[in-house]
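Trainee: For our numbering, count along the sequence shown from 1 and bump the result up by 6.
Beta carbons are placed, not taken as given, at the ideal position from N, Cα and C, and that holds for glycine.
Below you'll find the structure I mean.
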Amino acid sequence: MGLSEKLHTKLIGNRNVTTSSLIPFEESWCYFACEVLDGKIYSIGGLGSNSSDPHSWDIYDPCTDSWKFHSDPNIVPEIEDSVVMDGKIYIHCGTSAVTSHVYAVVYEPSSGTWQHADADMVAGWRGPAVVVDGTLYVLDQSSGTRLMIWQKDYWEEILHCRKGLSIVMFDVENAGNMEGVMVSSSIPKLNFDDDVISCKCLSI
Numbered sequence: 007m008g009l010s011e012k013l014h015t016k017l018i019g020n021r022n023v024t025t026s027s028l029i030p031f032e033e034s035w036c037y038f039a040c041e042v043l044d045g046k047i048y049s050i051g052g053l054g055s056n057s058s059d060p061h062s063w064d065i066y067d068p069c070t071d072s073w074k075f076h077s078d079p080n081i082v083p084e085i086e087d088s089v090v091m092d093g094k095i096y097i098h099c100g101t102s103a104v105t106s107h108v109y110a111v112v113y114e115p116s117s118g119t120w121q122h123a124d125a126d127m128v129a130g131w132r133g134p135a136v137v138v139d140g141t142l143y144v145l146d147q148s149s150g151t152r153l154m155i156w157q158k159d160y161w162e163e164i165l166h167c168r169k170g171l172s173i174v175m176f177d178v179e180n181a182g183n184m185e186g187v188m189v190s191s192s193i194p195k196l197n198f199d200d201d202v203i204s205c206k207c208l209s210i
């Protein structure tokens, strides 16, 4: 993005993203998703410092150099993970402590609406996820570390590792004739009371 005399900052996680937008977006946020789709930045859900609508998302359009606010009751405040797949944004909102139900919704850009994601896909999304060459991979860390691949209508386990790994690297090219490397972290059982709040997947 080009710089101009007026600079406005949106706090994204621990990063300050500076834009030349004429409409400032300066509120601090946490527990939200940030993805890029069709050349636009999507800031989804989360909790704002000024008690803004938690069931909302904002879209930054570089062509107009502006943010646009949207709201949808299907979006929940605390988002754990997100991916872009098949031209859509998926957000994962964690597991209910009462029902053990995993909540996830998908954004359809053609209609600008959020809908509940495929139930079978959501049921297997139990860890950090990444999309490589259009294929969704998830590190299921509920029992050891299992690398799962979503085959459009079912989950397939392609790698099972032992518990306690601090780093997992998976070469997709050797396993599935696709280019790319998958890197992530698995948190072993800890001997103290600190809570692990997030694990991330990265594709290189």
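1) Going by Cα to Cα distance, which pick from G93, V111, K46 and K94 is closest to H61?
2) What are the start and end residues of the alpha helix (DSSP H) that includes D67?
3) Short of 6 Å in beta carbon distance, which residues of its chain neighbour Y109, apart from the five on each side in sequence? Order them along the chain.
4) So, with DSSP's three-state summary, where would you put A129?
5) Closest to Q157 by CA distance: which of L165, C40, Y143 and Q147 is it?
6) Does the beta-carbon of A129 have 16 or more other beta-carbons within 10 angstroms, so that it is buried, or is it exposed?
7) Does the Cβ of A123 have 16 or more other Cβ atoms within 10 Å, making it buried, or fewer, making it exposed?
8) Given L43, which residues of its chain have a CB within under 7 Å of its CB, disregarding the five upstream and five downstream residues?
9) Just how far apart, CA to CA, sit D78 and E163?
10) Using three-state DSSP, classify V111 as helix, strand or coil.
11) By the 10 Å Cβ neighbour count, where 16 or more other Cβ atoms means buried, how is F75 classified, buried or exposed?
12) Taking the alpha-carbon of G93 as reference, which of E41, D67, D146 and D126 has the nearest alpha-carbon?
13) Just list the residues that DSSP pairs Y37 with in beta bridges.
14) Tell me the rounded alpha-carbon separation between V136 and P68.
15) Is the beta carbon of I120 less than 7 Å from the beta carbon of N80?
16) Across which residues does DSSP place K46 in a beta bridge pair?
17) Taking the beta carbon of T70 as the centre, do at least 16 other beta carbons fall within 10 Å, making it buried, or is it exposed?
18) Hey, how far is the Cα of S148 from the Cα of I50?
19) Taking I81 as part of the beta strand (DSSP E), name the residues at either end of that continuous run.
20) I need the boundaries of the beta strand (DSSP E) containing Y143, first residue and last residue.
21) So for Y160, helix, strand or coil by DSSP?
22) Please report the Cβ distance between A39 and S117, rounded to the nearest whole angstrom; I am assuming they are in contact, meaning their Cβ atoms lie under 8 Å.
Mentor: Concretely, from the data shown:
1) V111
2) For D67, there is no enclosing alpha helix (DSSP H); the residue is part of the beta strand (DSSP E) that begins and ends at S62 to D67.
3) C99
4) helix
5) Y143
6) exposed
7) buried
8) V90, I95 and P115
9) 34 Å
10) strand
11) Burial call: exposed.
12) E41
13) According to DSSP, which records beta bridges pairwise, Y37 is partnered with nothing at all.
14) 25 Å
15) Rather than Ile, the amino acid found at residue 120 in this sequence is Trp. Yes, the Cβ-Cβ distance between W120 and N80 is below 7 Å.
16) Checking the DSSP bridge columns, you'll see K46 partnered with L43.
17) exposed
18) 26 Å
19) Run containing I81: none; DSSP gives neither H nor E here.
20) T141 to D146
21) It is coil, neither helix nor strand.
22) No, A39 and S117 are not in contact; Cβ-Cβ is about 19 Å, not under 8 Å.
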